[in-house]
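Contents: one structure, followed by commentary.
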Amino acid sequence: MLKKTKVAVMVSGGGTNLQAIIDAQKSGIITSGEIALVVSNKADAYALQRAADNGIATYVMTSEEVLIEKLQSEGIELVVLAGFLKILSPAFTRAFENRIINIHPSLIPSFCGKGAYGLHVHEMALEYGVKVTGATVHFVNEIPDGGAIIYQKAVDILDGDTPEVLQKRVMEQAEWVLLPRAVEEISAKIGRGEL
Ligand code: GAR
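Sequential numbering of the sequence shown, starting at 1, is according to the numbering used here.
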């Protein structure tokens, strides 16, 4: 059997997408990769508790420079942005070219880029009046939400939706399905030397 790809998951908040990856690892949806580290830019992120509850090492970042060294020294091969709400510098994205993936809660290229994160994205979709939204998993490069798309899934917007209600539906129907699937696929590709 191939060695598992070492994965770092980066978070900023609640960590439901992190939980989806942990659950997928436990249920056998993810077999090619293993979460070795959870990194947060916020010391009080609940996602850190989820990691600790599952025996996964955690790290609160101080600067991107130091984090690059940390990830490299730990042999991290794939970085997964799972609700990481800060834009990474070109120095970071260059250090992990084709090795960073992100989940975004809309169908890119709609409602994405700088300032479009978390609940704001759903506010933007409702404000515009689109009838369908969704989620996208994509590679991360120096352009915010601009890297190659890996997976997308559409989700209906229903009459009376609030940003909170819509966010929950997009998470349940799209994010928590797509992100674990992408972690498995990209980990497997890295393991086979195809990426
Ligand atoms: C998720 O909806 C994720 O797609 C979004 O933040 C939320 C984090 O929730 N990410 C972005 O907006 C990135 N631009 P979580 O902490 O419960 O996973």
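No residue lacks a Cβ here, since even glycine has one placed at the ideal position from N, Cα and C.
Could you check if residue i is buried or exposed, using at least 16 other CB atoms within 10 Å of its CB as the buried criterion?
i, result
"I143", "exposed"
"E175", "buried"
"T93", "buried"
"L67", "buried"
"L2", "exposed"
"A91", "exposed"
Within this structure, are the beta carbons of residue i and residue j separated by less than 9 Å?
i, j, result
"V11", "A47", "yes"
"A24", "V79", "no"
"L81", "Y59", "no"
"G83", "T136", "no"
"Q173", "K189", "no"
"G134", "S106", "yes"
"N141", "E97", "yes"
"I150", "I101", "yes"
Would you report the Cα separation of residue i and residue j, rounded to the nearest angstrom?
i, j, result
"E185", "K4", "12 Å"
"V200", "F111", "Because the chain is modelled from 1 through 195, residue 200 falls outside the range shown and cannot be assessed."
"S27", "L179", "15 Å"
"Q72", "L195", "17 Å"
"V165", "I108", "20 Å"
"E123", "V183", "28 Å"
"R181", "I76", "19 Å"
"A148", "F139", "5 Å"
"E34", "I56", "10 Å"
"G193", "S187", "10 Å"
"G13", "A45", "5 Å"
"I30", "V39", "20 Å"
Could you tell me which of the options sits nearest to residue i, measuring between CA atoms?
i, options, result
"K86", "I68, K114, P180", "K114"
"I157", "V170, Y151, K42, I100", "V170"
"E127", "D159, V137, A154, F139", "D159"
"R50", "D161, A20, Q167", "A20"
Quick one: what's got a C-beta closer than 7 Å to residue i's C-beta in the same chain, skipping five residues either side?
i, result
"G118", "L85"
"A43", "V60"
"K70", "Y59"
"P163", "L119, H122, E123, L126"
"D161", "L126"
By Cβ distance below 6 Å, which residues in the same chain neighbour residue i in space, the five residues on each side in sequence not counted?
i, result
"S89", "E64"
"K6", "A36, G75, I76, E77"
"G191", "L2, T5, S32"
"D145", "H104, I108, C112, G113"
"I22", "N54"
Please list, in chain order, all residues of the same chain as residue i whose beta carbon is under 8 Å from its beta carbon, the five residues on each side excluded.
i, result
"K131", "D156, I157"
Would residue i pass as an interface residue toward chain B - the criterion being a Cβ-Cβ separation below 9 Å?
i, result
"V155", "Chain labels in this structure do not include chain B; a single protein chain is all it has."
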